[in-house]
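Worksheet for the structure shown next.
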Amino acid sequence: MAKRQLTPRALLRLPLTFYDRPALEVSRELVGKCLVRRNESHEWTGRIVEVEAYIGEDDPACHAYHGLTPRTRVMYGPPGHAYVYFTYGMYFMLNVVVHAEGSPAAILIRALEPVSGFEELEDPRPASGPGKLCKNMQIDKSLNGVSLLSRQLWIGQRPGMKEKLEIRWSSRIGIREGTNRLWRAYLFGNPFVSRKSNPGDPTSPSEPDPASGGLYQFRAKK
DNA sequence: GTGAAGATCGCC
DNA sequence: GCGATCTTCACG
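Here it is as structure tokens:
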């Protein structure tokens, strides 16, 4: 008998309650879960190995830093939905909206370890990088605001999986402000993580940076 | 209406 | 290290 494969069929979809929690808590637990994207003709599955949290109106790197705008409307909405935006004139970015409605917070999916659906691509790391994975999984703005309990885009886990993962935290990549907050979580040593931590980062900690704003709550506005 | 920046990526 | 490429938003 062929060895058992990790197919979407073997995954249980994460419930809404998974997303309805503080962002760093969800970030930590998203690592290791599987993202599934399905359209009319294809299905892709990848294991999440790298994410970044963008939290609240006092996080200078978060799009909600300037408050509610047409673009950030989804971030202010209920958890468990996709926030997809366009940047640099050519790339889409996929985020997961988390925490309570009215508390803008999103988690950027930065890298996946391919599980299935990427076989025809030549790129050995077709989902390492937030822009790249959206391009290769045909994720664009038409998915902005869709529920992550839908069948075209969802996140699941294998039942009974309780493996211990070595997750480390670093500052977020590609931002100019808010670099003091260690809100990037990644699977240590995994070759599909998009890139090494920034030089000059604090030594990779095993916990998110408590001094940067509190582990599980929003920082008070000043 | 206009200008500047941007949660990137691949090539020089 | 740099340019591509165009949406979004702040500002006037």
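Numbering-wise (the numbering used here), the first sequence opens with residue 58 and increments by one. The C-beta atom is built at its ideal place from N, Cα and C for all residues, glycine as well.
Here Leu222 has Val88, Gly89 and Leu244 as same chain residues with Cβ atoms under 8 Å from its own Cβ, once five neighbours each way along the sequence are excluded.
Judged by beta-carbon spacing, Ala163 lies beyond the 8 Å limit of Tyr145, meaning their Cβ atoms are not closer than that value. Counting along the chain, the unbroken alpha helix (DSSP H) around Tyr133 starts and ends at Arg130 to Tyr133.
Rounded to whole angstroms, the gap between the alpha carbons of Gly213 and Gly124 is 31 Å.
For Tyr76, the enclosing alpha helix (DSSP H) covers residues Leu73 to Tyr76. Per the DSSP secondary-structure output, Tyr148 pairs in a beta bridge with Thr144. In this structure, the straight-line span from the alpha carbon of Arg182 to that of Ser173 is close to 13 Å. The beta carbon of Glu234 lies closer than 8 Å to those of Pro117 and Ala118 in the same chain, with the five residues before and after it left out. Looking at Ala80, Arg130, Glu97 and Val93, the one whose alpha-carbon comes closest to that of Glu109 is Ala80. Counting of Cβ neighbours within 10 angstroms places Asn193 among the buried residues, the total reaching 16 or more. As a beta-bridge residue in DSSP terms, Val108 pairs with Ile166 and Ala242. When only Cα atoms are considered, Phe149 and Ile166 end up about 11 Å apart. For Gly186, DSSP assigns no beta-bridge partner whatsoever. Taking C-beta atoms as the reference points, Val154 and Phe249 fail to come closer than 8 Å. Each residue's CA atom was taken as its position, placing Met147 and Ser199 some 15 Å apart.
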